[in-house]
Amino acid sequence: MRIYQKTWVFCLIIIISSTFSLMGNAITYDIATGTLQDFAINYNDNPDDPSAYMNSTPVWDHPGFLGRLIYTGEPTQLTVFNHGPTTGGPRFYFTGLDWSGQSNTNYYREFFLVARAKGLRHGSPGTQHDFSQFNTVVAGPGQMIDIPYGAGDETVEVGELGYNTQGQRDVFDGSNEYQYLYPYSHIWIDLTIIRTRTAKRTFFLRFYESSLYIQSDEEASVLLTLSGEDSSGWFGQMPEAFSFSIEKTVEDGFPFSWLQQASTMYNALEIAKVIYRAEDSAASIRFASDASGTQAQFFFRNQYGDVFPFSLAFDASKPNQTVVPITSSQTFETMVQSVTSPIDGNSIHQLHVLEGSVLAYLPSYLDPPMGLYSSTVYVFVEPVE
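Going by the working numbering, the sequence shown wraps up at 646, each residue one higher than the last.
Below, the structure is given as structure tokens:
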């Protein structure tokens, strides 16, 4: 039984105006042969200097392999942040947890990240392409992973430049093979932690935690929470290890007319997707209109004080469930199901998972004054015993 339970809170900000734009950028986690849990705190890599990994040698077969980040969208940069407790040092850290599960940043193990971006060509099956041919070392928070190519299944119009399944580019004439907007269907980033010898440990603490928040320039994001264990430690509470993604499916500034056409949760406008995945950590997810998580009355507001209400619903696709309205008491539970990698169809894992769409609609017709309106939706992720 857990003495202390941590709740993770995320913000989804929605903005309405008169402009027209869609958004297709997404980052999700693919476990592959990696893990987010049970990293040895009483272990350091050799070599443990970032410069030793600035080369072409892959490290996905390393014991610190987290798995893959899967990206679709336009060319971008992914910025990596330390989202969890920190020691104030320049790199990333596992920090200690005491017997009650409270953070103790006096004890830690330092690490940095090695990333390698690759692409999956269009086709079935698509061929893998190591376009980077070189590692990116993320030595500390705020540093970036460059994604110079786009990925996705979008197609081009006749007369526009497009790509074929070999990644070659030419003008699409309506019948040839150059139909794809991007050279890849998916881009993935192998992500590995390298633990340095910089550490401060105590036999009183057994368990450690770390949280990495990774965001694209277009604000697609994924949170990776990691757990570590010091085999020589005595006490502590094992933290959860999971991934959680939020993908906004409409860009800031979508037209109000889209919302006017959505009068029920069955024809509602999809504004976001959420994806939770974990090996051993079940969770409950809920939505609220306030940071304390007690209200579910949603409003759009503009800078002049004009306000109008709207409703939200959640349509879970994994596990597949009936769409339901979001209320202050409504929770959505993860379930153990099979998850297949989009990169390797033979990579199938049984994970705690919840995937679904956040939908917005107007139960009654409204015609508010023109302007730029915004609303914040809070997403709470809570562990379940």
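No residue lacks a Cβ here, since even glycine has one placed at the ideal position from N, Cα and C.
* Asked: Among residues of its own chain, excluding the 5 on either side of Glu501, which ones have a beta-carbon nearer than 8 Å to its beta-carbon?
  -> The answer, listed in chain order, is Lys267, Thr486, Ser488, Ala539, Ser542, Ala544 and Pro644.
* Measuring alpha carbon to alpha carbon, tell me which of Phe342, Gly349, Leu484 and Val619 ends up nearest Ile331. => Sorting Phe342, Gly349, Leu484 and Val619 by C-alpha distance to the C-alpha of Ile331 places Leu484 at the top.
* With 16 as the cutoff for other CB atoms within 10 Å, does Ser279 come out buried or exposed? -> Any reading at Ser279 must be qualified, since the residue scores a pLDDT of 38, below 50, and its modelled position is unreliable; the value itself is stated next. Exposed, because fewer than 16 other Cβ atoms sit within 10 Å of the Cβ of Ser279.
* By Cβ distance below 6 Å, which residues in the same chain neighbour Ser569 in space, the five residues on each side in sequence not counted? -> For the record, residue 569 in the displayed sequence is Phe; it is not Ser. Phe561, Leu627 and Pro629.
* Rounded separation between Met405 and Pro624 - CA only -> Going by the C-alpha atoms only, they are around 43 Å apart.
* To do: Determine which residues share a DSSP beta bridge with His344 and list them.
  => Answer is none; His344 lacks a bridge partner.
* Asked: Taking the alpha-carbon positions, what's the Phe326 to Gly295 distance?
  -> 5 Å
* Might you give, ordered along the chain, the residues of its own chain that have their beta carbon closer than 6 Å to the beta carbon of Gly632, omitting 5 neighbours on each side? => Asn563
* **For Leu573, the three-state DSSP class (helix, strand or coil)** => strand
* To do: Tell whether a beta-carbon distance below 8 Å holds between Ala400 and Pro311.
  => yes
* Look at the alpha carbon of Ile454 and the alpha carbon of Asp491, and state the distance between them as a whole number of angstroms. => Rounded to the nearest angstrom, the two C-alpha atoms are 16 Å apart.
* Asked: So, is Asp407 buried or exposed, given that buried needs 16 or more other C-beta atoms within 10 angstroms?
  -> exposed
* To do: In the DSSP assignment, find the alpha helix (DSSP H) that holds Trp519 and state where it starts and stops.
  => Phe517 to Gln521
* **Boundaries (first-last residue) of the beta strand (DSSP E) holding Met405** => Here the beta strand (DSSP E) through Met405 covers Met405 to Ile408.
* **Own chain partners of Thr348 with C-beta closer than 7 Å, once the 5 adjacent residues on each side are dropped** => Non-local beta-carbon contacts of Thr348 in its own chain, meaning distances under 7 Å to residues more than five positions away in sequence, involve Tyr354, Thr356, Thr366 and Tyr369 in chain order.
* **Leu530 versus Phe641 - alpha carbon distance** => When rounded, the distance between both Cα atoms is 21 Å.
* What is the DSSP secondary structure of Leu283, reduced to helix, strand or coil? -> Residue placement at Leu283 is poorly supported in this model, since its pLDDT is 42, which falls under 50; the coordinates are not used for a value here.
* Out of Tyr622, Ser317 and Ser361, point me to the one whose CA is closest to Ser518's CA. => Ser518 has its Cα closest to that of Tyr622, out of Tyr622, Ser317 and Ser361.
* If we count Cβ pairs, one from each stretch, closer than 8 Å, do we get three or more for the segment 375-385 versus the segment 415-434? -> yes
* With DSSP as the reference, label Pro324 as helix, strand or coil. => coil
* To do: Rounded to whole angstroms, what's the CA-CA distance from Met284 to Val511? Just pull it up for me.
  => Residue placement at Met284 is poorly supported in this model, since its pLDDT is 49, which falls under 50; the coordinates still yield a value, given next. Separation of Met284 and Val511 (C-alpha to C-alpha, rounded to the nearest whole angstrom) is 5 Å.
* Nearest to His447 (by Cα), restricted to the options Leu612, Tyr634 and Ile604 -> Ile604
* Only counting runs of 4 or more residues, tell me where the alpha helix (DSSP H) segments fall wholly within the segment 456-536, in order along the chain. => 517-521
* If you draw a straight line from the alpha carbon of Leu358 to that of Asp299, how long is it in whole angstroms? -> 14 Å
* Asked: Hey, would you say Asp551 sits closer than 8 Å to Tyr639, going by beta carbons?
  -> Yes, these two residues count as a Cβ contact at 8 Å.
* In angstroms, rounded to a whole number, what distance separates the CA positions of Val375 and Gly350? -> 18 Å
* In or out: Phe515 buried (at least 16 other Cβ within 10 Å) or exposed? -> buried
* Determine the DSSP secondary structure at Ala549, reduced to helix, strand or coil. => strand
* **Distance, Phe571 Cα to Leu620 Cα** => 10 Å
* **Test item: CB-CB of Asp309 and Thr457 under 8 Å** => yes
* Asked: Shortest alpha-carbon distance to Ala293 belongs to which of Thr555, Tyr441, Ser482 and Asp451?
  -> Asp451
* To do: Enumerate, from N- to C-terminal direction, the unbroken beta strand (DSSP E) stretches of 3 or more residues contained entirely within the segment 598-641.
  => 609-622
* Rounded to the nearest angstrom, how far is the Cβ of Gln611 from that of Ser599, given a contact under 8 Å? -> 6 Å
* To do: Grab the span of the beta strand (DSSP E) containing Ala378 for me, first residue to last.
  => Ser364 to Arg382
* Once you ignore the five residues that flank Ile302 on each side, which residues in its own chain have a CB closer than 7 Å to its CB? -> So the list reads Phe355, Arg370, Arg462, Tyr469, Gly489, Glu490 and Asp491, once near-sequence residues are dropped.
* To do: Determine the DSSP secondary structure at Tyr445, reduced to helix, strand or coil.
  => strand
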